[in-house]
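If you count by our numbering, then the sequence shown holds residues 290 to 428, one letter each, in order.
Reading through the structure tokens given below for one structure.
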Amino acid sequence: NHRTCGQGACEASRVEAVSEVSLAMGCDSAYFHHEKWDGDGYPFGMSGEEIPLVARIAALGDAYDALTSKRPYKEAFSHEKSKAIILEAGGTHFDPDVITAFLNREEKFVKIQLEYKDSDTPTHIQSVMNRLETLKQQS
């Protein structure tokens, strides 16, 4: 899955890293963004602040992207519907503080989503994941 591929690419690319801190954050984001605030996620069942902050942020961003994007199995949801789903998952799936940050910046989420909507141009997170996959294949 993309979580495991991302982690493997991160580990393989540590040698090429310009910034070890940035790479470590990217690896944490790739590896732990499926953990849930209440401990019901994977791969380790981590909960709360055990989950690296960057992964808690990426989890919400990844979910927002999935909700607002068309997928083979569903149509894209509106910002309002996606926001309602995210708010409902506060304290279980998502860190309540990350949800507060999302609400404080939701106009930026809408702007980015509209910019990349129905576009062949990958979003930032898609670009990062594509780069990690390329690095994995090169190692």
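Built from N, CA and C at the ideal position, the CB exists for glycine as well.
Determine which residues share a DSSP beta bridge with LYS370 and list them.
Paired residue(s): none; LYS370 is not in a bridge.
Does the segment 317-330 come close enough to the segment 338-350 to have 3 or more Cβ pairs within less than 8 Å?
Short answer: they touch.
Nearest candidate by alpha-carbon position, reference SER311, set MET335, VAL417, LEU349
From the listed residues MET335, VAL417, LEU349, the smallest Cα separation to SER311 is found for VAL417.
Taking a contact to mean a Cβ-Cβ separation below 9 Å, would you say LYS406 touches SER358 in this structure?
Closer than 9 Å, so yes.
Per-residue DSSP class, three states only, for GLY328:
Residue state, collapsed to three classes: coil.
Mind reading off the beta-carbon distance from VAL387 to LEU349? Whole number of angstroms is fine, and I expect it under 8 Å.
Sure, about 5 Å apart at Cβ, within 8 Å.
Would you mind working out which of ALA352, ARG360, ASP327 sits nearest ILE340, comparing C-alpha positions?
With distances taken between Cα atoms, ILE340 lies closest to ASP327.
Cβ neighbours of PRO385 in the same chain (closer than 7 Å, five flanking residues each side left out):
Same-chain partners within the cutoff: GLY379.
Just the Cα atoms here: how many angstroms apart are LEU403 and PHE333?
Straight-line Cα distance between these residues: approximately 34 Å.
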